[in-house]
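Chemist: First, the structure itself, so that you have it in front of you.
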Amino acid sequence: MSVILAIESSCDETSVAICNNGKITANVIANQTIHKNYGGVIPELASRVHQQNIVPVIQQALTDAKVNKKELKAIAFTRGPGLLGSLLVGVSFAKSFALALDLPLISVNHMHAHILAHFIDDPKPKFPFLCLTVSGGHTQIVLVKDYFNMEIVGETLDDAAGEAFDKTAKILGLPYPGGPLVDKHAKQGDPKAFKFADPQIKALDYSFSGLKTSILYFIRAQEKENPNFIADHLNDICASVQHSIVHILLSKLKKAALQYGIKEIAIAGGVSANSGLRQGLQSMADQLGWNVYIPAFEYCTDNAAMIAIAGYHKYLNGDFVGQDVAPLSRMEF
Ligand code: KG4
Ligand code: ZN
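Counting from 64, one number per residue, gives the positions in the sequence shown under this note's numbering.
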């Protein structure tokens, strides 16, 4: 029996999961609401709240999985990339816990884990597959050859797709994180109501900073004519922005699929919860004969279940790290 406890603390979610022989038996996530008032995650506050949450979240996960800590075989943790202060809480706790229980430590790359979340439930993608990984900090097209043999074939040159959603939300006066709210309003709006700049970026790379500026200038110009423009057209603005972001994401994904001759296509990361992206991907798959893999909502945004499943595959390979391991805000892919 390989019972692994996994800790995720890279940003503003404190999460702990238990994986029992490749099956997730607990996945507890404590969200931090404190950042709502600030329009973004405040690193210092995030790390303090992780400190308050970590012990109760560990206890809850052990209770949910009906596991005694003496039954654990390894401790997995997110080493990076992420906010250093936040990572430090999870990494330090993982190290102390492993030392106290005399257990091996497994270091997990957060971005690999988003992709490996596809191996929690069935159906699982077959190697090699392409994964569009879209989160608050990253936008990448990854060629996944095996569990830990992955190559980035395209990525953003500036903002991430999640940032494009969150910054748009901020312009519209919506609280952080704005992505889910833009999605909610978009459902009642017309995606063709307004048109925004389409970036012309080479190869398989992305850029979202021009789109953000185009939205900002458009709103400012409209508000000169109608000071209530945002309130009067909120649903249509959200639907049009979402349509633009989804179009940019999927056109490069299509290009990558054709270039590599791959029809196994997955999406991962917080933005993969977006309803427009999920629908757009499904209709592109129907047209092009792709097998698509879309994670369950609970495994899109940050969670420790994905760290646990990545940790489980490292455990099977005997891939452990020593007590001298330190968190990395930027981690080699
Ligand atoms: O993967 P994640 O939870 O954290 C990072 O590793 O960054 O991603 C968070 C990002 C945020 O930018 C959030 O606004 C976005 O995912 N997001 C969404 C939706 N749900 C979360 N963006 C658009 N539509 C959604 N439904
Ligand atoms: Zn993430």
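The beta-carbon is built from N, C-alpha and C at its ideal position, and this holds for glycine as well.
1) I believe residue 199 touches residue 229 by the beta-carbon criterion, under 8 Å. Please report the beta-carbon distance rounded to the nearest angstrom.
2) Can you tell which of 105, 99 and 116 has the C-alpha that lies nearest to the C-alpha of residue 91?
3) Just the C-alpha distance for residue 69 and residue 140, rounded to the nearest angstrom, thanks.
4) As an exercise, report each continuous alpha helix (DSSP H) stretch of at least 4 residues that is fully enclosed by the region 264-293, in chain order.
5) Does residue 246 pass the burial test, meaning 16 or more other C-beta atoms within 10 Å, or should it be called exposed?
6) Is residue 220 near residue 328, with beta carbons less than 8 Å apart?
7) Considering only the beta carbon of each residue, do residue 138 and residue 124 sit closer than 8 Å?
8) Counting only the same chain and skipping the five closest in sequence on each side, list residues whose C-beta sits under 7 Å from that of residue 383.
9) Taking only runs of the beta strand (DSSP E) that begin and end inside the region 158-189, which ones reach a length of at least 3 residues, in chain order?
10) Return the chain-ordered list of same chain residues with a C-beta closer than 8 Å to the C-beta of residue 102, the five sequence neighbours on each side being excluded.
11) From which residue to which residue does the alpha helix (DSSP H) around residue 226 run?
12) Among 172, 227 and 134, which residue has its Cα nearest to the Cα of residue 426?
13) Along the chain, where does the alpha helix (DSSP H) containing residue 70 start, and where does it finish?
14) Between the C-alpha atoms of residue 143 and residue 283, what's the straight-line distance to the nearest angstrom?
15) State yes or no: is the C-beta of residue 336 nearer than 7 Å to some heavy atom of the ligand KG4?
16) Check whether the Cβ of residue 181 sits closer than 7 Å to any heavy atom of the ligand ZN, and report yes or no.
17) Pick helix, strand or coil for residue 135, following the three-state DSSP scheme.
18) Looking at C-alpha atoms only, which residue of 162, 339, 161 and 202 is the closest neighbour of residue 178?
19) Is the region 384-395 touching the region 93-109, taking contact as three or more C-beta pairs under 8 Å?
20) Any heavy atom of the ligand KG4 closer than 7 Å to the beta-carbon of residue 140?
21) Does the ligand ZN have even one heavy atom less than 7 Å from the beta-carbon of residue 332?
22) Does the Cβ of residue 222 have 16 or more other Cβ atoms within 10 Å, making it buried, or fewer, making it exposed?
23) In angstroms with no decimal places, state the Cα-to-Cα distance between residue 306 and residue 274.
24) For residue 23, does the three-state DSSP call read helix, strand or coil?
25) Helix, strand or coil for residue 203? Go by DSSP, reduced to three states.
26) Can you list, in chain order, every residue whose CB sits closer than 5 Å to a heavy atom of the ligand ZN?
27) Please identify the residue among 366, 317 and 359 whose C-alpha is closest to the C-alpha of residue 344.
28) Where does residue 143 sit, in a helix, a strand or coil, going by DSSP?
29) When burial is assigned at 16 or more other CB atoms within 10 Å of the CB, is residue 76 buried or exposed?
30) Provide the residue span of the alpha helix (DSSP H) that contains residue 347, from first to last.
31) Checking the sheet assignment: what are the DSSP bridge partners for residue 83?
32) Could you pull out every residue in the same chain whose Cβ sits closer than 8 Å to the Cβ of residue 303, ignoring the five residues on either side in sequence?
Modeler: Reading off the structure:
1) Going by Cβ atoms, the distance from residue 199 to residue 229 rounds to 7 Å, so yes, they are a contact pair.
2) Residue 116 is the option with its Cα nearest to residue 91.
3) Taken atom to atom, the span from the alpha-carbon of residue 69 to that of residue 140 is near 5 Å.
4) Entirely contained in the region 264-293, the alpha helix (DSSP H) runs reaching 4 residues are, in chain order, 272-288.
5) The Cβ neighbour count for residue 246, taken over all protein chains shown within 10 Å, is at least 16; the residue is labelled buried.
6) No.
7) Cβ atoms of residue 138 and residue 124: not closer than 8 Å.
8) Counting only Cβ-Cβ distances below 7 Å, and skipping sequence neighbours, we find 167, 168 and 169.
9) Within the region 158-189, the complete beta strand (DSSP E) runs of at least 3 residues are 168-172.
10) Excluding positions up to five away in sequence, the list reads 233, 238 and 239.
11) Boundaries of the alpha helix (DSSP H) around residue 226: 224-234.
12) Nothing can be reported for residue 426, as the shown portion of the chain is limited to 64 through 396.
13) That residue, residue 70, is in no alpha helix (DSSP H); its beta strand (DSSP E) goes 66-71.
14) Roughly 38 Å between the two C-alpha positions.
15) Yes, Cβ of residue 336 sits closer than 7 Å to a heavy atom of the ligand KG4.
16) Every heavy atom of the ligand ZN is 7 Å or more from the Cβ of residue 181, so no.
17) DSSP, read as helix, strand or coil, puts residue 135 in coil.
18) That would be 202, whose Cα lies nearest to the Cα of residue 178.
19) Three or more beta-carbon pairs separated by less than 8 Å are not found between the region 384-395 and the region 93-109, which leaves the two stretches without contact.
20) No - the ligand KG4 has no heavy atom lying nearer than 7 Å to the Cβ of residue 140.
21) Checking every heavy atom of the ligand ZN against the Cβ of residue 332, one is found closer than 7 Å.
22) Counting the other Cβ atoms within 10 Å of the Cβ of residue 222 gives 16 or more, which makes it buried.
23) Each residue's alpha carbon lies about 12 Å from the other.
24) Because the chain is modelled from 64 through 396, residue 23 falls outside the range shown and cannot be assessed.
25) Judged by DSSP in its simplified three-state form, residue 203 adopts strand.
26) Per the Cβ criterion, the list is 198 and 365.
27) Closest option to residue 344, Cα to Cα, is 317.
28) Three-state DSSP puts residue 143 in a strand.
29) It is buried - the Cβ of residue 76 has at least 16 other Cβ atoms within 10 Å.
30) Unbroken alpha helix (DSSP H) run through residue 347: 338-351.
31) By DSSP's assignment, residue 83 forms a beta bridge with 66 and 86.
32) Cβ neighbours of residue 303 beyond the five flanking positions: 252, 253, 254, 255, 256, 257, 258 and 259.
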